[in-house]
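Using our numbering, you'd call the opening residue of the sequence shown number 1249 and step up by one each time. We put the beta carbon where it would ideally sit given N, CA and C, even for glycine.
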Amino acid sequence: MEIVPVENETQVGQVRELFEEYWASFGFTPCFQNFGAEVAGLPGKYSPPGGRLALATIAGVPAGCAALRPIDGERCEAKRLYVRPTFRGSGVGRALIDWVISEARSAGYREMVGDTMPVMERALEMYARMGFERTGAYTGEPTPGAIYLRLKL
């Protein structure tokens, strides 16, 4: 497995495809939370210096992705963790979150927040093992049904 920062158009295209699979897995429309515009504008808010976008590959095949965006000078948000179903259970998700946490620390953030849906039971278990705690919504537009998490960095 290899995790790399997204740095070229080929990688952006691969992440676009993963983002679209991620979104479709929830049954949301591209209009929800302006997701269509987000995908079209990648890397957008996930660009350095405050943001990051990661691509995980196995034997050269895109397996998953994750992103990080700034909220303010001390807090960032982990976003769009997605692992293709055929690669789940192989450690890709954990490796992506470890990468995002490391990048957040390197960027000087002191806290990471994120959210996930209740149906993502394995992700919730992983986040709990990594020290994430449940918290309240941290945005002005909370996602209906989402579980909000935070991690002190």
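* Going along the chain, which unbroken runs of the beta strand (DSSP E) with 3 or more residues stay wholly within the stretch 1276–1361? -> Secondary structure within the stretch 1276–1361: the beta strand (DSSP E) runs of 3 or more consecutive residues, fully enclosed, are 1300–1306, 1309–1318 and 1323–1331 (chain order).
* Asked: Going straight from the alpha carbon of Ile-1306 to that of Pro-1366, what length do you get?
  -> As a working note, residue 1306 is residue 58 in the sequence shown. As a working note, residue 1366 is residue 118 in the sequence shown. Each residue's alpha carbon lies about 28 Å from the other.
* Asked: In the DSSP assignment, what are the bridge partners of Thr-1364?
  -> Reading the sequence shown from its first residue, position 116 is the one you call residue 1364. For Thr-1364, which the question treats as bridged, DSSP gives the partners Ile-1395.
* Tell me whether Glu-1325 is buried or exposed, calling it buried when 16 or more other Cβ atoms sit within 10 Å of its Cβ. => Locating residue 1325 in the sequence shown gives position 77, counting from the first residue. It is buried - the Cβ of Glu-1325 has at least 16 other Cβ atoms within 10 Å.
* Asked: With distances taken from CA atoms, which of Val-1263, Pro-1297, Gly-1341 and Glu-1381 is nearest Pro-1249?
  -> The residue given as residue 1249 occupies position 1 in the sequence shown. Contrary to the premise, residue 1249 reads as Met rather than Pro in this sequence. Met-1249 has its Cα closest to that of Gly-1341, out of Val-1263, Pro-1297, Gly-1341 and Glu-1381.
* How long is the line joining the alpha carbons of Gly-1292 and Glu-1351, rounded to whole angstroms? -> Within the sequence shown, numbered from 1, the residue matching residue 1292 stands at position 44. Within the sequence shown, numbered from 1, the residue matching residue 1351 stands at position 103. Looking at the two C-alpha atoms, the distance is approximately 17 Å.
* **Of the listed residues Leu-1301, Tyr-1396 and Val-1361, nearest to Trp-1347 (C-alpha basis)** => Against the sequence shown, residue 1347 aligns to sequence position 99. Measuring from the Cα of Trp-1347, the nearest candidate turns out to be Leu-1301.
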